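K.L.:
Same order as they appear, the protein sequences are chains B and X.
Heads up: the first sequence at position 54 corresponds to 133 in the numbering used here, and the numbers run straight through without jumps.
Heads up: the second sequence at position 203 corresponds to 308 in the numbering used here, and the numbers run straight through without jumps.
Every residue, glycine too, gets a C-beta built ideally from N, C-alpha and C.
Small disclaimer: the values here were computed from a predicted structure and weren't measured.
My questions will all concern the structure given below.
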Amino acid sequence: MDAASRSAAVEEAVDIGLRVVASIFGGYALTYALTAAASVLLHRGGLDRVDSALVSTNLAILIYPAVMIWAFAARRGWFVLAALIAATAGLGLVAWLLPR
Amino acid sequence: MKKTFTLSMTFLHTWGGLVMGWLLFGVLLTGSIAVFQDEINLWAVPEIRTGLNPDRATTLQLGVDHLNAQAPDARMWRIDLPRDRDPQLIVAWTTPQGKTTSHTLDPVSGGVIERKTQAGAFYLAYHYMLGIDRNENLAGFMIVGLSGIFMIAACVSGIVIHKRIFKDLFLFRPNASGQRAWLDMHNVLGVLPLPFHLMMAYTGIVILYWIYIPAAVQTLYAGDSVPFRAEAIALEYRGLKAPAGEPAAMLPLPQLMRAAETSMGADKTAYIYVRDPNRGNAVFDAYRDRDDRVTQQVEQVALDGVTGAVLRIRDDSAISRVQSYIAALHFVEWGGAAVRWAYGLAGMASTGMVAAGLVVFTEKRRRKAGGDAAWLTWVDKINVAAVAGISVACVALLWAERLTPVFPERAQIPVLAFYWTWAAMALHAALRPPRKAWGEQFVLAGLLCLGAPLLGGQGWRHLAALDGVRMGMDATLIGTGLLCLAGVWILHRRARAGPCQPEAAEVEDAVEALRCLSPPAC
């Protein structure tokens with residue numbers, strides 16, 4: 080294996096690693112943040128506490144397999160990870176800044 | 106990540122499927138078995154008498170008398186009344202120190218059944234938390250949840266990469282080359298019950314959604330799951346820290362049960378909690394049976410234990426009822442034996458789909474590599490341990506149930522037998538050539554299945570007593586054993602004969618494939 084193909088192989092391994100991390104941990108973080116933000120918004124919108132928790136969690140969970148698929152379909156692994164971190168932070172802010 | 110969406114999905118499906126498949130096979134196998142957990146418990150404990158149909162009020166009083174003798178000062182009692190599927194009386198109590206003990210009683214004589222069993226419960230515990238108690242460690246529980254999420258992603262990516270999904274629905278070419286036949290099997294078992302796979306993967310998470318993703322408990326309940334559970338599950342949720350009241354005489358429990366059943370329906374109480382029994386603040390909580398309706402969160406009536414006043418009748422919101430319905434689709438305590446068998450068989454289809462997928466992985470690569478690459482051999486060895494090994498372990502658990510004598514800590518022995526057997530099978534897989542290991546372990550599984558009804562002569566006793574449920578379990582074991590042996594024999598014969606048409610892997614035409622199906626070819 081020459082140097083060029085070896086560095087290509089390393090690059091591919093890093094890319095796959097980023098996607099695996101993004102799909103498992105990024106997917107969980109996004110689901111968590113989406114649930115948090117949606118639960119607060121629903122509750123503010125007039126739904127009671129239990130129903131807000133129920134609806135937000137059980138619907139937000141569906142985004143997790145979607146993230147898994149996207150993490151492997153997207154062109155760049157690092158972009159997936161960056162986008163997930165940004166979206167999680169954004170939703171997290173919504174959840175924490177909105178008054179309950 | 107690859108050139109096209111289809112190729113990216115192939116990568117996810119293939120490699121994710123390999124790693125998660127090792128895990129999912131055991132989860133789906135034990136889940137399919139756990140559908141019959143009550144029947145398995147009956148089979149494992151010969152002392153439980155069936156067909157007694159005892160008077161419910163008398164039986165309840167038997168349980169109360171036992172609890173009053175054992176633990177009049179407990180913080181909590183639980184009484185499980187005998188039901189058709191599970192005809193034993195179970196009483197449990199929790200001491201002020203938080204220690205819970207349970208006794209199983211004969212519902213007519215009131216005698217204690219000393220034989221403690223985990224048989225059915227262990228399959229369930231492995232199914233949803235890999236046998237790791239989630240109250241102590243969430244790891245197993247969360248890993249199973251992740252595998253459920255992956256199963257949804259795998260179903261979607263599987264559809265994407267499947268070129269001719271409807272045509273292949275009717276295509277099974279068992280006599281084609283190995284890889285083709287295994288791929289057909291993977292497709293048939295995967296595509297036909299696809300709605301079932303997707304439904305079970307999602308509904309499995311909905312059951313305990315707030316533990317998987319506790320975000321809403323964090324935002325709306327300040328992270329405290331106790332008030333959340335009190336609202337969402339509507340338990341009379343009072344921790345042991347709340348003080349117990351002064352001693353007081355409770356109303357007779359059968360009378361309280363009758364009062365609770367005016368709203369739940371006659372004879373519909375499945376189990377009862379009594380918080381702070383024999384105290385002024387005693388609360389009697391009756392939970393309704395869920396064998397006749399698709400609900401997970403059962404109807405529940407809380408009465409004051411001393412005055413009999415109604416404290417609360419459970420009233421769920423519409424949204425709660427939807428969640429309860431979705432969760433019950435997974436838990437399947439409704440619908441009786443027919444629905445249980447449908448779920449058990451569909452679950453075995455899921456299990457078989459994963460196994461066939463794992464085999465396709467190695468068959469395809471062995472063909473490409475042309476020889477036996479070392480890493481591929483190790484993948485095959487892990488496949489053997491993850492598929493055949495855990496199958497043997499599941500039957501070994503039943504053998505251990507039969508062979509372990511009655512003593513206080515016996516319930517743990519069959520569980521240990523499960524793990525040690527699995528470890529031994531993994532070692533065997535590591536030492537033997539994979540092709541031989543596959544056959545040897547499934548022969549062992551088959552023989553263990555065939556032998557289990559004979560242990561201790563119990564099978565004969567079931568026949569002599571015309572004991573329907575236990576005979577059904579024996580028959581299922583024998584059928585499973587014969588299937589294992591037949592499968593090994595067919596594969597062995599085929600391996601000796603070689604593929605019937607060397608190029609059959611390339612057969613794309615359904616007509617030609619059907620010709621290959623006809624017997625004279627081999």
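With a Cβ-Cβ cutoff of 8 angstroms, do Ala432 (chain X) and Ile312 (chain X) count as a contact?
P.N.:
To locate residue 432 (chain X), count along the second sequence from 1; it is residue 327. To locate residue 312 (chain X), count along the second sequence from 1; it is residue 207. In this structure, Ile312 (chain X) lies closer than 8 angstroms to Ala432 (chain X) by Cβ.
K.L.:
In the stretch 339-402 of chain X, which residue ranges form an unbroken alpha helix (DSSP H) of at least 4 residues, counting only runs that do not cross its ends?
P.N.:
Runs of the alpha helix (DSSP H) inside the stretch 339-402 of chain X: 358-369.
K.L.:
Suppose you measure from the CA of Ala528 (chain X) to the CA of Leu170 (chain B); what does that come to, to the nearest Å?
P.N.:
By 1-based counting over the second sequence, the position of residue 528 (chain X) is 423. By 1-based counting over the first sequence, the position of residue 170 (chain B) is 91. Their backbone Cα atoms lie some 45 angstroms apart in a straight line.
K.L.:
Work out the CA separation of Ala179 (chain X) and Ala98 (chain B) for me, nearest whole Å.
P.N.:
Working through the first sequence from its first residue, we reach residue 98 (chain B) at position 19. Working through the second sequence from its first residue, we reach residue 179 (chain X) at position 74. Note that residue 98 (chain B) is Arg in the sequence shown here, rather than Ala. Rounded to the nearest angstrom, the two C-alpha atoms are 53 angstroms apart.
K.L.:
Using the rule of at least 16 other Cβ atoms within 10 Å of the residue's Cβ for burial, across every protein chain shown, is Ile595 (chain X) buried or exposed?
P.N.:
By 1-based counting over the second sequence, the position of residue 595 (chain X) is 490. With fewer than 16 other Cβ atoms within 10 Å, it is exposed.
K.L.:
Please go through the same chain and pick out, in chain order, the residues whose beta-carbon is closer than 8 angstroms to the beta-carbon of Gly287 (chain X), but skip the five residues on each side of it.
P.N.:
Locating residue 287 (chain X) in the second sequence gives position 182, counting from the first residue. For the record, residue 287 (chain X) in the displayed sequence is Trp; it is not Gly. Answer for Trp287 (chain X): Ala461, Val464, Val465, Glu468, listed in chain order.
K.L.:
Just how far apart, CA to CA, sit Met305 (chain X) and Leu434 (chain X)?
P.N.:
The residue given as residue 305 (chain X) occupies position 200 in the second sequence. The residue given as residue 434 (chain X) occupies position 329 in the second sequence. So the two alpha carbons sit approximately 8 angstroms from each other.
K.L.:
Got a sec: does the ligand MG put a non-hydrogen atom nearer than 7 angstroms to the Cβ of Gly156 (chain B)?
P.N.:
You won't find the ligand MG in this model; it holds no ligand whatsoever.
K.L.:
Quick one: does Arg85 (chain B) have its CB under 8 angstroms from some CB of chain X?
P.N.:
Sequence index remark: in the first sequence, residue 85 (chain B) carries index 6 (1-based). No, no contact with chain X.
K.L.:
Go through its chain and collect everything with a Cβ distance to Phe141 (chain X)'s Cβ below 7 angstroms, but skip five positions before and after it.
P.N.:
Residue mapping note: residue 141 (chain X) aligns to position 36 of the second sequence, counting from 1. Arg445, Gly449.
K.L.:
According to a CB-to-CB cut-off of less than 9 angstroms, which residues of the stretch 153-166 of chain B neighbour chain D?
P.N.:
Among the chains of the structure shown, chain D does not appear; the protein chains present are B and X.
K.L.:
Between Ala542 (chain X) and Ala534 (chain X), which are expected to be in contact by the criterion C-beta below 8 angstroms, what is the C-beta distance as a whole number of angstroms?
P.N.:
Within the second sequence, residue 542 (chain X) is the residue found at index 437, counting from 1. Within the second sequence, residue 534 (chain X) is the residue found at index 429, counting from 1. Right, their Cβ atoms sit about 5 angstroms apart.
K.L.:
Candidates X:Ala197, X:Gln202, X:Tyr228: which alpha carbon is nearest Ser137 (chain X)'s?
P.N.:
As a working note, residue 137 (chain X) is residue 32 in the second sequence. Per the Cα distances, X:Tyr228.
K.L.:
As a quick exercise: from X:Glu336, X:Leu194, X:Val249, pick the residue whose alpha carbon is nearest that of Leu133 (chain B).
P.N.:
Start at 1 with the first residue of the first sequence, and residue 133 (chain B) comes out as number 54. For Leu133 (chain B), the nearest C-alpha among the options comes from X:Glu336.
K.L.:
Taking 7 angstroms as the limit between beta carbons, can you name the residues of its chain near Arg470 (chain X), skipping five residues before and five after?
P.N.:
Start at 1 with the first residue of the second sequence, and residue 470 (chain X) comes out as number 365. Cβ within range, chain order: Leu481.
K.L.:
From this set, X:Val217, X:Leu243, X:Asp189, which residue's C-alpha is nearest Ala95 (chain X)'s C-alpha?
P.N.:
Here chain X covers residues 106 to 627 and nothing more, so residue 95 (chain X) does not appear.
K.L.:
How about Ala152 (chain B) and Phe512 (chain X): are their beta carbons less than 8 angstroms apart?
P.N.:
Within the first sequence, residue 152 (chain B) is the residue found at index 73, counting from 1. Within the second sequence, residue 512 (chain X) is the residue found at index 407, counting from 1. No, these two residues do not count as a Cβ contact at 8 angstroms.
K.L.:
In chain order, what residues of the stretch 282-313 of chain X put their CB closer than 8 angstroms to some CB of chain B?
P.N.:
Cβ contacts with chain B: Tyr307, Ile310, Val311.
K.L.:
Can you tell me whether DSSP reads Trp182 (chain X) as helix, strand or coil?
P.N.:
Numbered from 1 along the second sequence, position 77 holds the residue referred to as residue 182 (chain X). Trp182 (chain X) falls in the strand class under three-state DSSP.
K.L.:
Taking the beta strand (DSSP E) that Val197 (chain X) belongs to, which residues open and close that run?
P.N.:
Taking the second sequence and counting its residues from 1, the one referred to as residue 197 (chain X) is at position 92. The sequence shown places Ala at residue 197 (chain X), not Val. Ala197 (chain X) -> beta strand (DSSP E) spans 194-199.
K.L.:
Is Leu133 (chain B) close to chain X? Criterion is C-beta to C-beta, closer than 8 angstroms.
P.N.:
On the first sequence, residue 133 (chain B) is found 54 positions in, with the first residue counted as 1. For Leu133 (chain B), the answer is yes, since a Cβ of chain X falls inside 8 angstroms of its Cβ.
K.L.:
Report the option in X:Val406, X:Gly551, X:Val249, X:Leu165 whose CA atom is closest to the CA atom of Leu133 (chain X).
P.N.:
Along the second sequence, read from residue 1 onward, the residue named residue 133 (chain X) stands at position 28. Cα-wise, what sits closest to Leu133 (chain X) is X:Val249.
K.L.:
Please classify Ala87 (chain B): is it buried, with 16 or more other beta-carbons within 10 angstroms of its beta-carbon, or exposed?
P.N.:
Residue mapping note: residue 87 (chain B) aligns to position 8 of the first sequence, counting from 1. Exposed, because fewer than 16 other Cβ atoms sit within 10 Å of the Cβ of Ala87 (chain B).
K.L.:
For the 8 angstroms Cβ check, are there 3 or more pairs between the stretch 392-399 of chain X and the stretch 367-377 of chain X?
P.N.:
Yes: at least three Cβ pairs fall under 8 angstroms.
K.L.:
Under a Cβ-count criterion, where at least 16 other Cβ atoms within 10 Å of its own Cβ denotes burial, should Asp381 (chain X) be classed as buried or exposed?
P.N.:
On the second sequence, residue 381 (chain X) is found 276 positions in, with the first residue counted as 1. The residue is buried, with at least 16 neighbouring Cβ atoms inside 10 Å.
K.L.:
Which chain B residues sit within Cβ distance under 7 angstroms of Thr412 (chain X)?
P.N.:
Your numbering for residue 412 (chain X) matches position 307 in the second sequence. In chain order: nothing, as chain B lies at least about 29 angstroms away.
K.L.:
If you follow the beta strand (DSSP E) that Thr206 (chain X) is in, where does it begin and where does it stop?
P.N.:
As a working note, residue 206 (chain X) is residue 101 in the second sequence. Looking at the DSSP string, the run of the beta strand (DSSP E) that includes Thr206 (chain X) is 205-210.
K.L.:
What separation, rounded to the nearest whole angstrom, lies between the Cα atoms of Asn292 (chain X) and Met458 (chain X)?
P.N.:
Along the second sequence, read from residue 1 onward, the residue named residue 292 (chain X) stands at position 187. Along the second sequence, read from residue 1 onward, the residue named residue 458 (chain X) stands at position 353. Using only the alpha carbons, I get a separation of about 7 angstroms.
K.L.:
Straight-line CA distance for Ala161 (chain B) to Ala101 (chain B)?
P.N.:
As a first step, residue 161 (chain B) must be located in the first sequence, where it is residue number 82. As a first step, residue 101 (chain B) must be located in the first sequence, where it is residue number 22. Going from the Cα of Ala161 (chain B) to the Cα of Ala101 (chain B) covers about 9 angstroms.
K.L.:
Using the C-alpha atoms, what's the distance from Ala423 (chain X) back to Val548 (chain X)?
P.N.:
What you label residue 548 (chain X) is simply residue 443 of the second sequence in a count that begins at 1. What you label residue 423 (chain X) is simply residue 318 of the second sequence in a count that begins at 1. For Val548 (chain X) and Ala423 (chain X), the distance between alpha carbons rounds to 51 angstroms.
K.L.:
Just the C-alpha distance for Val406 (chain X) and Glu438 (chain X), rounded to the nearest angstrom, thanks.
P.N.:
The residue labelled residue 406 (chain X) in the question sits at position 301 within the second sequence. The residue labelled residue 438 (chain X) in the question sits at position 333 within the second sequence. Roughly 20 angstroms between the two C-alpha positions.
K.L.:
Would you mind reading off the limits of the alpha helix (DSSP H) that contains Ala570 (chain X)?
P.N.:
Numbered from its first residue, the second sequence carries residue 570 (chain X) at position 465. Counting along the chain, Ala570 (chain X) falls outside any alpha helix (DSSP H), and DSSP gives it neither H nor E.
K.L.:
Would you say Phe151 (chain B) faces chain X, with C-beta separation under 8 angstroms as the test?
P.N.:
In the first sequence, counting from the first residue as 1, residue 151 (chain B) sits at position 72. Yes, Phe151 (chain B) lies at the interface with chain X (some Cβ there is under 8 angstroms from its Cβ).
K.L.:
Using alpha carbons as the reference points, say which of X:Glu351, X:Ile377, X:Thr509 lies closest to Gln360 (chain X).
P.N.:
Mapped onto the second sequence, residue 360 (chain X) falls at position 255. Out of X:Glu351, X:Ile377, X:Thr509, X:Ile377 has the C-alpha closest to the C-alpha of Gln360 (chain X).
K.L.:
List the residues of chain B that Phe116 (chain X) touches, going by C-beta distances under 8 angstroms, in chain order.
P.N.:
Counted from its first residue, the second sequence places residue 116 (chain X) at position 11. By Cβ distance, chain B contributes Phe151.
K.L.:
Rounded to a whole number of angstroms, what is the C-alpha to C-alpha distance between Ala176 (chain X) and Thr200 (chain X)?
P.N.:
The count along the second sequence starts at 1 and reaches residue 176 (chain X) at position 71. The count along the second sequence starts at 1 and reaches residue 200 (chain X) at position 95. Using only the alpha carbons, I get a separation of about 8 angstroms.
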